[in-house]
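Chemist: In this note's numbering, the protein residues as written are 2 to 80.
Ideal Cβ placement from N, Cα and C applies to all residues, glycine included.
Structure in structure tokens, see below.
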């Protein structure tokens, strides 16, 4: 069994990449929300989740945030 050693800089790059992808996903949700004519409440919600993503320290946290946002938006709008 071999163990791959990953440097801290590689981990930081992976986390930064995951954050960027998640923020782009949320921006897409925001654009969809705007086209559907939804209110400022949804926009504020998406922005608050973007802040959470920026503060996340693990990819798993980011994935959970995206899942939570998707569930909230689906329950409101069937996005």
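How big is the Cα-Cα spacing for residue 67 and residue 28?
Modeler: Within the chain shown, residue 67 is the residue found at index 66, counting from 1. Within the chain shown, residue 28 is the residue found at index 27, counting from 1. Going from the Cα of residue 67 to the Cα of residue 28 covers about 11 Å.
Chemist: Ordered along the chain, which non-local residues of its own chain (more than five positions away) have a Cβ less than 6 Å from that of residue 56?
Modeler: Numbered from its first residue, the chain shown carries residue 56 at position 55. Correct list: empty, nothing qualifies.
Chemist: Distance, Cα to Cα, residue 11 vs residue 76?
Modeler: Walking along the chain shown from the start, residue 11 turns up at place 10. Walking along the chain shown from the start, residue 76 turns up at place 75. Whole-angstrom Cα-Cα distance: 37 Å.
Chemist: Going by DSSP in three states, residue 15 sits in which element: helix, strand or coil?
Modeler: Taking the first residue of the chain shown as 1, we reach residue 15 at position 14. Helix, per DSSP.
Chemist: Could you give the uninterrupted runs of the alpha helix (DSSP H) lying entirely in the segment 26 to 69, keeping only those of 4 residues or more?
Modeler: Runs found: 41 to 56.
Chemist: Once you ignore the five residues that flank residue 51 on each side, which residues in its own chain have a CB closer than 7 Å to its CB?
Modeler: To locate residue 51, count along the chain shown from 1; it is residue 50. Excluding positions up to five away in sequence, the list reads 24 and 27.
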